[in-house]
Structures are given as C-alpha cells and as structure tokens.
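K.L.:
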Amino acid sequence: MIHRQMLVGGHWVDALGGATFERHNPATGQVVGAVPLGGAKEARHAVDAATDALPGWRSTPARDRARILHRAAELLLQRSDEIAPLITQEEGKPITAARKEVAAAAELLTWYAEEGRRAYGQWIPDPVSDRRLLTIRQPVGVAAAITPWNVPVSMIARKVGPALAAGCTVVVKPAEQTPLSGLAVAEVLHEAGAPAGVVNVITGDAPEIGQALLADERVRKISFTGSTEVGRLLMRGAAAHVKRVSLELGGSAPFLVLDDADLDLVARDLASTKFRNAGQACVSPNRVLVARPFMAELADRLADAVAALRVGNGLDEATDVGPLVEPAGVDKVEAHVKDALAKGARGVVGGRRLTDGPHAAGHFYAPTVLADVTLDMLVTQEETFGPVAALIPVDDLEQAIAQANDTPFGLAAYLYTRDISRAVRVAEALEFGMVGVNDSRIAAVEAPFGGVKSSGIGREGGHEGLDEFLETKLIALGVH
Ligand code: ADP
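Counting in my numbering, the sequence shown runs from 897 upward without gaps.
1) Assuming residue 976 is part of the alpha helix (DSSP H), what are its boundary residues?
2) Grab me the residues of residue 1341's own chain with a C-beta within less than 6 Å of its C-beta, minus the 5 sequence neighbours each way, in chain order.
3) For the ligand ADP, is there any heavy atom lying closer than 8 Å to the beta carbon of residue 1130?
4) Output the distance between the C-alpha atoms of residue 1148 and residue 1229, rounded to the nearest integer angstrom.
5) Since residue 1175 and residue 1284 should fall inside the 8 Å C-beta cutoff, what is the C-beta to C-beta distance between them, to a whole number of angstroms?
6) In the DSSP assignment, find the unbroken beta strand (DSSP E) run with residue 1371 in it and report its ends.
7) Considering only their Cβ atoms, is the gap separating residue 1117 from residue 1024 smaller than 9 Å?
8) Note down, in chain order, each residue of its chain lying with its Cβ closer than 7 Å to the Cβ of residue 1012, except the 5 sequence neighbours on either side.
9) Which full runs of the beta strand (DSSP E) of 3+ residues lie inside the segment 1154-1202, going along the chain?
10) Do residue 1081 and residue 1047 have their C-beta atoms closer together than 9 Å?
11) Tell me the rounded alpha-carbon separation between residue 1322 and residue 1310.
12) What does residue 843 pair with, by DSSP beta-bridge criteria?
13) What beta strand (DSSP E) runs, 3 residues minimum, are completely inside the segment 1254-1331?
14) Tell me, please, which residues DSSP counts as bridged to residue 954.
15) Shortest alpha-carbon distance to residue 1314 belongs to which of 1166, 904, 1160?
16) In this structure, what does DSSP give as the bridge partners for residue 1069?
17) What whole-angstrom Cβ distance do residue 1236 and residue 1267 have, given they're in contact under 8 Å?
18) Quick check: is any heavy atom of the ligand ADP less than 8 Å from the C-beta of residue 1046?
19) Three-state secondary structure (DSSP) at residue 936?
20) When every heavy atom of the ligand ADP is checked, does at least one fall within less than 8 Å of the C-beta of residue 1305?
21) Check whether the Cβ atoms of residue 1296 and residue 1108 lie closer than 9 Å to each other.
22) I'd like the list of long-range same chain contacts for residue 1372, defined as Cβ closer than 7 Å, with 5 residues on each side in sequence excluded.
23) Can you find a heavy atom of the ligand ADP that lies under 8 Å from the Cβ of residue 989?
24) Our contact map puts residue 1265 next to residue 1244 with C-beta atoms below 8 Å; I'd like the distance itself, whole angstroms only.
25) Starting from the Cα of residue 1348, find the closest Cα among 934, 1099, 1330 and give me that residue.
26) The ligand ADP heavy atoms versus the CB of residue 1121: any closer than 8 Å?
27) Among the residues of its own chain, which have a CB less than 8 Å from the CB of residue 1031, if the five just before and after it don't count?
28) Excluding the 5 residues flanking residue 1134 on each side, which residues of the same chain have their C-beta closer than 8 Å to its C-beta?
29) For residue 997, which of 949, 1077, 1294, 1317 has the nearest alpha-carbon?
30) What are the boundary residues of the alpha helix (DSSP H) that includes residue 1128?
31) Select from 945, 1210, 973, 943 the residue whose C-alpha is nearest the C-alpha of residue 986.
32) Tell me which residues share the same chain as residue 1010 and place their Cβ nearer than 8 Å to its Cβ, disregarding the 5 neighbours each side in the sequence.
33) I'd like to know whether the C-beta of residue 1353 is nearer than 9 Å to at least one C-beta of chain B.
34) Expressed to the nearest angstrom, what Euclidean distance is found between the alpha-carbon atoms of residue 1232 and residue 1324?
35) Please go through the same chain and pick out, in chain order, the residues whose beta-carbon is closer than 7 Å to the beta-carbon of residue 1088, but skip the five residues on each side of it.
36) Could you tell me which residues DSSP puts in a beta bridge with residue 901?
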C-alpha cells in the first residue's frame, strides 16, 4: 500500500489534522494507497504558495520555464514503468493504454514547453501618427486545475503544461478516484525543478476545496474537466470575482454511418473507439446513427470484434478492456441496457455484468452491442459512459444530422462516408467542437480539443490551449 503526501509550496505535507482517504483498485477491490484528506484550509495554503511564487515565475524567461517542462516530460517517460501501473490500479484501464497515456502527457508538456516561447504580441498600425499601439501576452495569474479520473495523468499535463508555459502558477485538485496518479505528476514536476509554489497539488474533499478556490479572489482562472453539473456550479461560483473559466464537460458523441460508408473502416474504428477505457471517455461514441441497410451487417461485424476483446485486470498485458471505475458506473450501464432491451432493442452481444472468476471482486461489465435502438431509450438520451455500442437506424441524411444535433451536448462527432462533398456539408452542419471524418482519433497535442453548448467553453491543446492562460494587454505608447 502506497502513502503519498500533497505538494504545497515545495513541501510534501499531510492534511492539517492528519486525516487520509484510501483508493481501492476497481479490478480487485484491494487498497492501492492512501493520501491526505485536505479541505478548505489546505486549499488556502496552496493558493498562498502559488501567489507567493507568481512574481518570480511570471518573470522567469519562457526559455527557462520550457527547460523545466522538457525535463518533466523526460522524467515522465523514464518513470512510465512506475506511473502506468499506478494509473491502471487506480482507474482500471489496461496497462498498454496507461503507458500511452504517460507518453501523451509527456508530449503535452513538450508541446507547451515550446509553445510558451511563442506567446507573441502585436505591433498594430495606428490611426494617429504620435502614438504606437502594441499588445503583449501576460499570464492570467494563479490558476486552479480540477481534473477527472478517466485520464488522470495526461489531463493534468494538458492544464499544467500550458499554465506553467504561460507563466501562471497552479493549484491542482486531482479526482478522488485517482489521487496517487495526480501526486505522481506533482513529484515529476517538483523534481524537474519547478520552483516552490509554482505547482501545488492537493487531494481531499472536492466540494470544500472547490468552494475555497472559487471564494479566493487571488485565483484568477479555473480550468476544469468533468461533469456538466459540476462545471455549471464552478461557472456560477467563478462569477463572484469574474474568474476566467475553461470547461471541458460531458458529451454524447454521435457516430454517423452514411449509406456509402466503408463498413470495414467503420467496424474497425467503432470497435476501437467505443471500447477504449471501457467506454469511459467524453468523446466515446454514444449514439451510432446507422443507415438502415447497414444495421444488421454492422451489428454482426461489431459482435465479432467484441467477442475477441479480453476483459480483465488491466495489469495483465493481454487485457483489452478493464473494469469501470466505480460500482455506480456499472449500475448506470446496467440500467441503460435493461431499459433499451425492455423498449425493444436487440441485444447482439454482452449485456450483462461479469461477476465470476477473475471478475468477482471488480466492477466489470461485458462489452455490449445493441441494435435497433430508438430515441426513447436512455442509451440515446444520456451519456452511458460504459462499454455499450448503441446502434440506431436512420432513414436519410437529414434525419441523421437532425438526430445527431438533438442533444444539449456538443463535444465530438464522427462521420463516415466516401463522398467528399457530403463529408464537408455534414461536418459543417454538425454542432460539435470536433468532427472526425473517416477517422476517430480526434485528440492531438497540436490541435484544439473542446466543445460547444453544454460540453463546455474553451479549448485545450494547440496554441489555443495556451491562450486560455494568457491575457492580452494593450500598450498605447505616445511618441512625441
Ligand atoms: P465525474 O462524474 O466524471 O466523476 P465530476 O465532475 O464529479 O465528474 O468530477 C470531476 C472533478 O471535479 C473531480 O476532480 C472531482 O473531485 C471534482 N469535483 C466534484 N464535485 C466538485 C465540487 N462540488 N466542486 C469542485 N470540484 C468538484
């Protein structure tokens, strides 16, 4: 069992009263480790430290900030053999996926190390001759990052990378399901040479810490990834001091299979995207809108792909699909599947909890394919966040687009067609922040990731991700 402390002001500390909480492995039920149960006081101490560190960090040359981020990226890769198993034990994903996550986190830090050196201002043509207009980019100040469990290491890198590169100092609050993974990132940044107080990572009572961060006027930015419900609460709280917010919230991704799609490509991409991280991703296809003539064949092909998936403890190199993170996740999947079957969906494969043998102590659900799903079923109305592919027949293109957009969410959408003109028209008509056309690997460090409508505000990745942590200042300079 691992014990870790929090990082505040360059020191490893316990919660003030010494309280801790444990994290259990979702595959086995065994305790993975214990971390401090911090609250409002610890959050204030972290903000004190971040505030004290800000003037020094803000004025450190971008090149020197970059060196620390590069070093942290190297350390992450060197420690992949320690950090990846930690992710798997806390979150459940297969070890092969956890290693990829660590590599992705290193990529993010590397990208932002360099991108921070290109935070250019402008010299603007002036309408009058005795003045010059110029802009500079400056860090927003102390930033708070509240991160989810499903990608616990790279989600921190995606926020802390640009924050540090921009010259902000940060207070990070990792999810309660994955605190050890979050503290492993803290350790890496600390050892890479981030000065005391530049990165602070606190674990504990989420609502209490969240409230303390919102109430503190010194925190100028909240960057959050998680549920729409908590995102709304943070946005409301941020209004008091007009803090800037970046919100990456829930999704209900449509996956459109038009009647001229390449079914081999569709089946391959859908099987890999849908069951990645046991379907626990905000960009996971939640509603597969299939041209009706393809329904039976796509269901059969997916069933074959699913039959080959090995479900088990992610620490086993052969595992393709791990457990769900919490029992409540399995309950939700079970309720959605039961509801769909009761309303007339066809169960093609899966459709049950896995409770025997190697699955007995964990939160496992069999990868599932449902065909002939209709819009009155919970699987199409809510984000299932589990290993269920719900295939909904559609009769024409207009219906497919209308149904795809008929959701409060607008994060990712996918579109499969061989017709380039249709691809362009439909991609333009989809009300989502990201559209994968004949490709389902949406995220890249070089590109902006984020949603519209109830899926959030702001973008992470690309140069846009750095903008989230920068202010633009105008300097009007009299020349007499
Ligand atoms: P999920 O349902 O995926 O767990 P949450 O939105 O509950 O998503 O969690 C995402 C992050 O938000 C986690 O770090 C969690 O601890 C944090 N969180 C949850 N509730 C609150 C809250 N009331 N205030 C601030 N942070 C919160």
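The beta carbon of each residue, even a glycine, is placed where N, CA and C say it ideally should be.
P.N.:
The structure says:
1) Per DSSP, residue 976 belongs to the alpha helix (DSSP H) from 976-987.
2) 1003, 1004, 1007, 1357
3) yes
4) 14 Å
5) 6 Å
6) 1366-1374
7) no
8) 958, 961, 962, 1061, 1062, 1362
9) 1181-1187
10) no
11) 10 Å
12) The question about residue 843 has no answer here: the residues shown for the chain are numbered 897 through 1376.
13) List check, beta strand (DSSP E) in window: 1264-1267, 1284-1290, 1308-1312.
14) Beta-bridge pairing links residue 954 to no other residue.
15) 1160
16) 1042
17) Rounded, the Cβ-Cβ distance is 10 Å, inconsistent with contact.
18) yes
19) helix
20) no
21) Contact: no.
22) 1027, 1029
23) no
24) With a beta-carbon spacing of about 4 Å, residue 1265 and residue 1244 fall inside the 8 Å limit used to define contacts.
25) 1330
26) yes
27) 1017, 1018, 1020, 1368, 1369, 1370, 1371
28) 1110, 1118, 1140, 1141
29) 1077
30) Start and end: 1124-1134.
31) For residue 986, the closest C-alpha among the options 945, 1210, 973, 943 is that of 1210.
32) The answer, listed in chain order, is 962.
33) The structure shown contains no chain B; it holds only a single protein chain.
34) 31 Å
35) 964, 967, 968, 971
36) Paired residues: none, contrary to the question.
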